[in-house]
Amino acid sequence: MYRARKKIFMNGGVKIADNDFEKKPRNQYYLPMPDYAYKELPRVFKGYSAKKDLTTLDDFHLVSPSQNVLYSDDGTIQIRKGFTLYGAANTALTPVRSHFDWDTSTGVERNLRFYDDELEYYFSAAWRRLKDGNSTTALMRFATFWNNDEVQDELLFVDETANIHTWSGAVTTFASATSNTITKQGGTTWKQDRFWTTGGVPGSRQVIIGGTTYTYTGGETTTALTGVTPDPTAGGHTAGDVVVQAVRSVAGTSFTRTSGAYTSKLTTTTPLYLIAVLNNQCYVADEKARNAWVSQQNFFYRFATYDPASAARKPGDHVELFLDDVPRALVPFEDRNSNNSTMFISAGKDYWYQLTYASSGDDSTKEAFAVKQLPSASLQGARTQETIQRIGNEILYISNEPALVSLSRVAEGGAETTTYRNLSDLIKTDFDGYDFANSQLKYHRTLLHIALPAEGKSLIYNIKYGFWEAPQIIPARRFAIIGGAIYFHSANVPESYKLFDGTDDNDNPLAAYAYFNYQNFGDRFAYKQFTDFAVEGYISANTTVTLVLKYDFGGFTSIKNYPIKGTGSAGVKIIQTTADGSLGKHPIGSQPIGSVTDSIGDLAKFLMVQKINPTNFRELQVGFESNDIDFSWRVLCFGPKITKADAQLK
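Letter by letter, the sequence shown follows residues 165 to 814 in the working numbering.
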């Protein structure tokens, strides 16, 4: 039996057609002619693989030990950009355990981080203390809530105590003070800068200046707060000092209620681990008890407003939930297309629930609720609140299996069906070996980032193309979106960094490896050899990339290394003259990478044709390596001018 092929060149690649053929027996080794030097990387790259045997994969998968490289929309594999410090350096060995990025209803962005006992916010190019004296081991979880009295949103958070904390997000600068007034800078009023008036929340209204807390009673609709105590003139404040709204803490004694024979299991000492908001009702849960609670609508601190034993529940009333296991995550789900909303709850290691509300019969003044356990399997529950990310109508999460799973509710035949999809199977070998302690998911610009602080690396699932990128060596514990860009908070020290910024890792070398799966060129058992190996790509003048050729598995027969220099050298030709991409030659952050752009930027194009002494082999692995500061490179295509060897397999 024969196969017919026609070799057609396009942009240095090889395409096969079915006419003008040359006939070969099926069991005879088929080789391209020697003048066909290399193949172009596929436009739809196949991604990083860590499951299937790397000697049987289709061509052009990245495999281990690839790291710190990304696929770009322009069809190249490139070294990723680096990261730069955001805020001040800090050598304390306390990781950032929690964070929140808040786009407020008034158009002001507030970014927070929590480490040791410090809760900080970012303002005027610095991280500043908002609240200290917190637990040094707890996590904080956050949610936004609409305050009808203030006619603006506010931030709620819990910290494993029996309190719900709230913050208005208000920050301004000090102008002057009298014995009982504080005047702000600028022409806006305190209220316009988000400072509370009546607040609608138990507790005093306070501001903090230079570590001193002041209580005020009026003046919010002007530029001067009144009724201020203690005397602010004693604080020694100067014009331009930062003024921030103090956090209010509402204790369990303020929101626990009883009614008749009914007593809520939310006691005055119940520690609150989880918080979420849906339809302006606050959901809280204790990770060590099988309960969750829903507040009265528009009041995040009211948790018992009716006695279910003696009165019908009204829309927006309190709800108390009893689950089969301890809750691990609360996921609000609003489908604006269908004007429908529901809360998903993951509990224990196995369970998922869906909480829904419906009118009670024909009486719109009564509302029933139902907790539906969704079909699932052992270890299908979410690991933690941080390992969940909603994207569109899907919930992506890290299960206890572990696996990256997509949970969706699909309408079929007039009914909803739960669908689970395993998205991590292509890298199952890696995934099974990872420690997911303190991990987190964050979506940004078609990429799903997974922080693995225990591993000192992060993973990227490319949602646009449906494949995995190579692992990234990034010491992230929490990813953040600040000003539309991706940042991360350190897993080692209380520092934050802008990611994909600059060409080194905060002045440290960036070790990048791009290794492709083994190629046998059509016959797994025949010996081959070549004398020319070609590479085409883009490179900055200061960069040297090493081409690595491993003859047979693990380099059993031979390993050969060849430098590719950005200035050109023997066998390396710079065929396009441009300004190089070195640090300082181009504004930092102005050239995004990885599924964001297909612009080459300031890199020169190169063509390498390396002369090589022939070595007999059966399969070949190709890799590219660099490890230094300020390197930039991309690989477009590569390959040997290959022929069949005379040697026989023994």
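Idealized CB from N, CA, C, for every residue including glycine.
Close Cβ partners of residue i (< 7 Å) along its chain, the five nearest in sequence each way excluded
{"i": "lysine 429", "result": "Asn455 and Glu484"}
{"i": "glutamate 282", "result": "Arg293 and Asp296"}
{"i": "alanine 339", "result": "Thr347, Lys348, Gln349 and Ala403"}
{"i": "histidine 401", "result": "Phe338, Ala341, Ile373 and Gly374"}
{"i": "threonine 361", "result": "Glu314, Lys355 and Glu384"}
Own chain, CB closer than 6 Å to residue i, minus 5 neighbours either side, in chain order
{"i": "valine 408", "result": "Val335 and Ile372"}
{"i": "alanine 307", "result": "Leu320, Ile439, Ala440 and Val441"}
{"i": "isoleucine 739", "result": "Lys769 and Leu771"}
{"i": "valine 124", "result": "Beyond the ends of the chain as shown, which are 165 and 814, falls residue 124; an answer cannot be given."}
{"i": "proline 774", "result": "Checking the displayed sequence, the identity of residue 774 turns out to be glutamine instead of proline. Taken in chain order, the residues that qualify are Phe697, Tyr726 and Gly735."}
{"i": "alanine 534", "result": "Thr520"}
{"i": "valine 411", "result": "Lys295, His329 and Trp331"}
{"i": "alanine 546", "result": "Arg492, Ala493, Ser510, Ile552 and Tyr561"}
Supposed contact pair residue j and residue i - C-beta distance, whole angstroms, cut 8 Å
{"i": "aspartate 702", "j": "leucine 771", "result": "For the record, residue 702 in the displayed sequence is tyrosine; it is not aspartate. 11 Å between Cβ atoms; not a contact."}
{"i": "isoleucine 638", "j": "aspartate 265", "result": "About 18 Å; that fails the 8 Å criterion."}
{"i": "serine 622", "j": "glutamate 550", "result": "Contact doesn't hold; Cβ gap of about 13 Å is too wide."}
{"i": "isoleucine 876", "j": "tyrosine 465", "result": "Because residue 876 is not part of the residues shown, which for the chain are 165 to 814, the question remains open."}
{"i": "threonine 710", "j": "glycine 730", "result": "At roughly 13 Å, the Cβ-Cβ gap does not stay under 8 Å, so threonine 710 and glycine 730 are not in contact."}
{"i": "tyrosine 682", "j": "threonine 219", "result": "4 Å"}
{"i": "asparagine 254", "j": "proline 658", "result": "5 Å"}
{"i": "arginine 358", "j": "threonine 270", "result": "6 Å"}
{"i": "glutamate 273", "j": "glycine 647", "result": "7 Å"}
{"i": "leucine 663", "j": "tyrosine 625", "result": "Their Cβ separation, rounded to whole angstroms, is 16 Å, which puts leucine 663 and tyrosine 625 out of contact at 8 Å."}
DSSP bridge partner residues for residue i (one or two, in chain order)
{"i": "isoleucine 728", "result": "Val709"}
{"i": "lysine 592", "result": "Note: lysine 592 sits in no beta bridge, so no partner."}
{"i": "aspartate 696", "result": "Lys775"}
{"i": "glutamate 789", "result": "Tyr677 and Thr710"}
{"i": "serine 262", "result": "Phe278"}
{"i": "leucine 234", "result": "Gln242"}
{"i": "arginine 412", "result": "Thr330"}
{"i": "glycine 701", "result": "Phe770 and Val799"}
Inter-residue Cα distance where the pair is residue i and residue j
{"i": "lysine 692", "j": "aspartate 810", "result": "8 Å"}
{"i": "proline 617", "j": "proline 259", "result": "10 Å"}
{"i": "lysine 530", "j": "threonine 385", "result": "40 Å"}
{"i": "isoleucine 509", "j": "leucine 249", "result": "36 Å"}
{"i": "methionine 304", "j": "glycine 597", "result": "28 Å"}
{"i": "glutamate 667", "j": "phenylalanine 278", "result": "One detail in the question is off: residue 667 reads as threonine in this sequence, not glutamate. Spanning the two alpha carbons is a distance of roughly 28 Å."}
{"i": "serine 228", "j": "glutamine 316", "result": "50 Å"}
{"i": "phenylalanine 781", "j": "asparagine 232", "result": "29 Å"}
{"i": "glycine 745", "j": "alanine 705", "result": "Its pLDDT being 44, under 50, glycine 745 is placed unreliably in this model, and the coordinates cannot settle the point."}
{"i": "isoleucine 627", "j": "leucine 611", "result": "6 Å"}
{"i": "alanine 398", "j": "valine 392", "result": "12 Å"}
{"i": "isoleucine 793", "j": "aspartate 671", "result": "7 Å"}
{"i": "glutamate 498", "j": "phenylalanine 595", "result": "31 Å"}
{"i": "leucine 494", "j": "serine 230", "result": "36 Å"}
{"i": "alanine 690", "j": "proline 496", "result": "58 Å"}
{"i": "threonine 301", "j": "glycine 364", "result": "31 Å"}
{"i": "valine 448", "j": "glutamine 636", "result": "35 Å"}
{"i": "threonine 352", "j": "glycine 333", "result": "16 Å"}
{"i": "threonine 268", "j": "leucine 276", "result": "13 Å"}
{"i": "lysine 188", "j": "lysine 808", "result": "Only weak support exists for where lysine 188 lies, its pLDDT of 38 falling under 50; the coordinates are left without a value."}
{"i": "tryptophan 457", "j": "tyrosine 286", "result": "32 Å"}
{"i": "glutamine 445", "j": "asparagine 557", "result": "21 Å"}
{"i": "phenylalanine 309", "j": "lysine 216", "result": "47 Å"}
Other residues of its chain near residue i: CB distance less than 8 Å, five sequence neighbours each side excluded
{"i": "asparagine 791", "result": "Pro673, Leu674, Ala675 and Ala676"}
{"i": "proline 539", "result": "Thr582"}
{"i": "aspartate 599", "result": "Leu616, Ala618 and Glu619"}
Enclosing alpha helix (DSSP H) for residue i [first to last residue]
{"i": "glycine 416", "result": "416-419"}
Boundaries (first-last residue) of the beta strand (DSSP E) holding residue i
{"i": "tyrosine 378", "result": "376-380"}
{"i": "asparagine 462", "result": "Careful: asparagine 462 lies outside any beta strand (DSSP E) and carries neither H nor E."}
{"i": "alanine 734", "result": "No beta strand (DSSP E) holds alanine 734; DSSP gives it neither H nor E."}
{"i": "tryptophan 310", "result": "305-311"}
{"i": "glycine 803", "result": "797-808"}
{"i": "valine 441", "result": "438-442"}
{"i": "glutamate 558", "result": "558-562"}
{"i": "isoleucine 627", "result": "It is not in any beta strand (DSSP E) - isoleucine 627 carries neither H nor E in the DSSP assignment."}
{"i": "aspartate 855", "result": "With the chain covering only 165 through 814, there is no way to say anything about residue 855."}
{"i": "tryptophan 354", "result": "Unbroken run through tryptophan 354: none, as it is neither H nor E."}
{"i": "tryptophan 291", "result": "290-295"}
{"i": "valine 371", "result": "369-373"}
{"i": "glutamate 484", "result": "483-486"}
{"i": "threonine 336", "result": "335-341"}
{"i": "threonine 347", "result": "346-348"}
{"i": "alanine 453", "result": "Careful: alanine 453 lies outside any beta strand (DSSP E) and carries neither H nor E."}
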